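Take any residue in the sequence shown, note its place counting from 1, add 42, and you have its number in the numbering used here. Just so it is clear, CB atoms sit at the ideal spot from N, CA and C, and this is done for glycine as well. Every value quoted in this text rests on a predicted model; they were computed, and no experiment measured them.
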Amino acid sequence: MSADNHVIIIPGLGNWVREHIWVLSSWKKLGIIPHVFDAKWRIEENGFQPKLEKAISLIDLITNKKARVSIIGNSAGSSFAINLYARRKKQ
43 MSADNHVIII PGLGNWVREH IWVLSSWKKL GIIPHVFDAK WRIEENGFQP
93 KLEKAISLID LITNKKARVS IIGNSAGSSF AINLYARRKK Q
């Protein structure tokens with residue numbers, strides 16, 4: 043695999059962002075670049091839409107470099123991932 047393979051991982055309500063980053067750091071050896079997206083589930087001041095827009099911006103940044111993007115969601119992150127996919131199916 044080339045370094046043009048990116049994976050956006052969205053943790054669930056428990057977040058565990060640091061743990062995801064630690065576990066996924068070895069993926070780089072396989073040519074996969076992980077991006078752990080912190081949806082900040084416990085911070086509701088901005089609502090869902092700004093969080094989704096931030097994730098869409100990440101996809102746009104990656105695909106502007108002609109890279110491939112995959113999305114993985116854990117638990118509540120899976121519904122976020124489905125919404126994200128629905129907005130950027132072609133990327």
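Report the rounded CA-to-CA distance for Ser68 versus Ile74, giving the unit in angstroms. Working through the sequence shown from its first residue, we reach residue 68 at position 26. Working through the sequence shown from its first residue, we reach residue 74 at position 32. Cα to Cα, Ser68 sits roughly 9 Å from Ile74.
Is Arg110 helix, strand or coil by DSSP? Here residue 110 is taken as the residue at index 68 of the sequence shown, counted from 1. Residue state, collapsed to three classes: strand.
Could you tell me which of Asn47, Ile52, Asp46 sits nearest to Ser117, measuring between CA atoms? In the sequence shown, counting from the first residue as 1, residue 117 sits at position 75. Comparing Cα positions, the closest option is Ile52.
By how many angstroms is the C-alpha of Gly119 removed from the C-alpha of Gly56? Position 14 of the sequence shown holds residue 56. Position 77 of the sequence shown holds residue 119. Looking at the two C-alpha atoms, the distance is approximately 10 Å.
Taking the continuous alpha helix (DSSP H) assigned at Asn125, which residues delimit it? Counting from one through the sequence shown, the residue named residue 125 turns up at place 83. Counting along the chain, the alpha helix (DSSP H) containing Asn125 begins and ends at 118-129.
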